[in-house]
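S.K.:
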Ligand code: SF4
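In full-length UniProt numbering, the protein residues as written are 1 to 419.
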């Protein structure tokens with residue numbers, strides 16, 4: 001019979017968890033494994049021991065923002081320093097953006113720190129310092145808090161029975177239920193959120209969500225998953241298919257028995273038995289990063305005690321690497337000849353410092369490549385020793401001379417440290 005207008009057909013059963021007994025068993029197996037094997041992490045300790053709900057939510061929130069796009073091992077040290085410096089929302093709300101950038105330097109995706117601090121200010125000034133108490137309100141009221149972060153904070157800090165979907169969860173769920181359609185498509189993402197909400201353990205939602213993510217991070221890893229050690233292998237359809245699937249795939253086979261299934265691998269790219277469980281998840285091809293070149297000049301002078309000092313300038317307060325400090329830099333046109341790029345940089349430095357900088361005085365040092373999320377950036381590095389002082393017009397751009405030690409303690413990006 002036709003479905004009423006506006007309702008969607010339920011997904012074919014091989015792609016969902018429909019048996020309550022199986023859901024119960026999966027929860028128990030996953031939680032028992034988590035209790036045995038979970039990594040000891042500072043934010044977990046805080047979430048388990050902090051009795052004040054606002055402080056607990058803040059501690060989880062900071063960890064979740066830092067962990068977006070950054071590995072656990074890198075985050076730990078930053079997290080500890082952050083929580084020591086700003087143990088509460090109120091403390092963070094009083095910090096300056098410069099201090100936030102300095103502590104964040106090296107973690108990447110700098111707007112995360114800035115947004116976190118802006119949101120803390122909002123909680124203090126508009127919500128009387130009280131964190132919203134549900135995933136829905138967290139997402140609605142806090143800038144920079146999306147569906148995932150809201151679900152993580154609410155389940156881990158308040159015990160709200162709400163699921164989460166991040167990259168690790170996507171991988172695990174797509175494998176558990178043989179979902180081979182493009183895992184970044186809205187249809188698949190919606191399906192995974194429904195599944196995460198249905199699966200989450202009602203009495204230990206925070207632990208369950210962390211367990212699912214931990215499984216993706218340590219066992220059900222992208223390239224060589226450790227299926228033999230997996231606590232939920234008996235619930236995994238990808239694993240079953242690997243063990244009992246057809247040795248040679250029949251092209252255009254109707255994987256789940258439903259023709260044109262929106263969750264199966266596309267008919268043109270059927271199950272590949274050489275890939276095993278890593279047939280899942282599948283993603284549409286990524287966009288190629290943009291290629292960019294930037295000329296950078298390390299201006300050096302003798303400081304008052306004879307130690308070299310370097311000039312750094314501050315980037316604009318919006319856009320890529322907003323507000324961070326860097327060596328004076330100039331974006332270059334693609335395919336500019338070496339001689340031309342040197343002249344362009346000399347012109348730029350001359351106009352800016354008022355010094356008679358000539359192209360021949362710039363010493364080529366080398367090239368540094370740095371990959372931002374969407375930009376393949378090459379810095380063409382020059383150096384220029386100076387005999388006297390250079391004072392830049394502060395109205396033009398903030399600048400300062402720093403020793404090497406001060407440079408490393410400043411809010412500079414990883415790319416500039418490489419330079
Ligand atoms: Fe992942 Fe293998 Fe476990 Fe399936 S059995 S969830 S593929 S680790």
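Glycine included, each C-beta is placed from N, C-alpha and C at the ideal position.
With DSSP run on the structure shown, which of helix, strand or coil describes residue 163?
M.R.: It is coil, neither helix nor strand.
S.K.: Going by CA-CA distance only, name the one from 114, 108, 109, 182 that's closest to residue 99.
M.R.: Considering only alpha carbons, the answer is 114.
S.K.: Compare the C-alpha of residue 93 against each of 103, 316, 118 and name the closest.
M.R.: Checked all of 103, 316, 118; the closest Cα to residue 93 is 118.
S.K.: Which same chain residues, not among the five before or five after residue 359, have their C-beta less than 6 Å away from its C-beta?
M.R.: The answer, listed in chain order, is 342, 343, 346.
S.K.: With 16 other CB atoms within 10 Å as the buried threshold, where does residue 443 fall?
M.R.: Because the chain in this structure spans residues 1 to 419, residue 443 falls outside the shown range and cannot be described.
S.K.: Measure from the alpha carbon of residue 308 to the alpha carbon of each residue in 401, 378, 261, 315, then state which is nearest.
M.R.: Here the closest residue by C-alpha is 401.
S.K.: Tell me the start and end of each unbroken beta strand (DSSP E) in the UniProt domain "HhH-GPD" (66-218) that is at least 3 residues and wholly inside, in chain order.
M.R.: The UniProt domain "HhH-GPD" (66-218) contains no whole beta strand (DSSP E) run of 3 or more residues.
S.K.: Going by other Cβ atoms of all chains shown within 10 Å of its Cβ, with 16 needed for buried, is residue 233 buried or exposed?
M.R.: Classification for residue 233: buried.
S.K.: DSSP state of residue 17, grouped into three classes?
M.R.: Residue 17: coil per DSSP, three-state reduction.
S.K.: Note down the Cα distance separating residue 29 from residue 223, rounded to an integer number of angstroms.
M.R.: The alpha-carbon atoms of residue 29 and residue 223 are separated by roughly 23 Å.
S.K.: Got a sec: does the ligand SF4 put a non-hydrogen atom nearer than 7 Å to the Cβ of residue 174?
M.R.: Not under cutoff, so the answer is no.
S.K.: Please report the distance separating the alpha-carbon of residue 427 from that of residue 44.
M.R.: One cannot answer for residue 427 here, as it falls past the ends of the chain, which runs 1 to 419.
S.K.: Beta carbon of residue 215, beta carbon of residue 301: below 8 Å?
M.R.: Result no, Cβ atoms of residue 215 and residue 301 do not sit closer than 8 Å.
S.K.: Determine the burial state of residue 275: buried for a count of at least 16 other Cβ atoms within 10 Å of its Cβ, exposed for fewer.
M.R.: With fewer than 16 Cβ atoms within 10 Å of its Cβ, residue 275 is classed as exposed.
S.K.: Considering Cα atoms alone, identify which of 21, 180, 83, 78 is closest to residue 47.
M.R.: Comparing Cα positions, the closest option is 83.
S.K.: Along the chain, where does the alpha helix (DSSP H) containing residue 239 start, and where does it finish?
M.R.: 237-244 is the extent of the alpha helix (DSSP H) around residue 239.
S.K.: On a CA-only basis, which of 318, 237, 313, 68 is nearest residue 278? Give me that one, please.
M.R.: Measuring from the Cα of residue 278, the nearest candidate turns out to be 237.
S.K.: Is residue 420 near the ligand SF4 - that is, is its Cβ less than 7 Å away from at least one heavy atom of it?
M.R.: Given a span of 1 to 419 for the chain in the structure shown, any question on residue 420 remains unanswerable.
S.K.: May I ask you to check if the CB of residue 69 is nearer than 7 Å to at least one heavy atom of the ligand SF4?
M.R.: The answer is no for residue 69.
S.K.: Roughly how many angstroms separate the alpha carbons of residue 78 and residue 163, rounded to a whole number?
M.R.: Taking the straight line joining both Cα atoms gives about 27 Å.
S.K.: Can you tell me where the alpha helix (DSSP H) with residue 45 in it begins and where it stops?
M.R.: Start and end: 42-49.
S.K.: Inspect the CB distances between the segment 287-302 and the segment 318-338 and report whether three or more fall short of 8 Å.
M.R.: Contact between the segment 287-302 and the segment 318-338 is present, because at least three Cβ pairs lie under 8 Å.
S.K.: Cβ of residue 220 versus every heavy atom of the ligand SF4: is any distance shorter than 7 Å?
M.R.: Under cutoff, so the answer is yes.
S.K.: Under the three-state reduction of DSSP, which class applies to residue 306: helix, strand or coil?
M.R.: Of the three classes helix, strand and coil, the one that applies to residue 306 here is coil, per DSSP.
S.K.: Who are the Cβ neighbours of residue 102 in its own chain at under 6 Å, not counting the five residues just before and after it?
M.R.: Excluding residues within five positions, the ones whose Cβ falls inside 6 Å are 411.
S.K.: Rounded to the nearest angstrom, what separates residue 227 and residue 372 at their Cα positions?
M.R.: Rounded to whole angstroms, residue 227 to residue 372 spans 33 Å at the Cα level.
S.K.: May I ask you to check if the CB of residue 225 is nearer than 7 Å to at least one heavy atom of the ligand SF4?
M.R.: True, at least one ligand heavy atom lies under 7 Å from that Cβ.
S.K.: Could you check how far apart the C-beta atoms of residue 209 and residue 219 are, in whole angstroms? I think they sit under 8 Å.
M.R.: 16 Å between Cβ atoms; not a contact.
S.K.: Report the residue from 136, 141, 134 whose alpha carbon sits nearest the alpha carbon of residue 125.
M.R.: Measuring from the Cα of residue 125, the nearest candidate turns out to be 141.
S.K.: With contact counted as at least three CB pairs below 8 Å, one residue from each stretch, are the segment 186-205 and the segment 129-140 in contact?
M.R.: Touching, no, given that fewer than three Cβ pairs across the two stretches are closer than 8 Å.
S.K.: Tell me whether residue 236 counts as near the ligand SF4, meaning its Cβ is closer than 7 Å to at least one heavy atom of that ligand.
M.R.: Flag set: Cβ of residue 236 near the ligand SF4.
S.K.: Leaving out the 5 sequence neighbours to the left and right, which residues in its chain are closer than 7 Å to residue 283 when beta-carbon positions are compared?
M.R.: For residue 283, where only same-chain residues beyond five positions count, the Cβ hits under 7 Å are 182, 183, 184.
S.K.: Does DSSP put residue 406 in a helix, in a strand, or in coil?
M.R.: The answer is helix: DSSP assigns residue 406 an H, G or I state.
S.K.: Here's the rule I'm using: 16 or more other beta-carbon atoms within 10 Å means buried, otherwise exposed. How should residue 56 be labelled?
M.R.: Buried is the call here.
S.K.: Heavy atom of the ligand SF4 less than 7 Å from the Cβ of residue 230, yes or no?
M.R.: Checking the Cβ of residue 230 against the ligand SF4 gives yes.
S.K.: For the beta strand (DSSP E) that contains residue 376, what are its first and last residues?
M.R.: Segment 375-385, the beta strand (DSSP E) holding residue 376.
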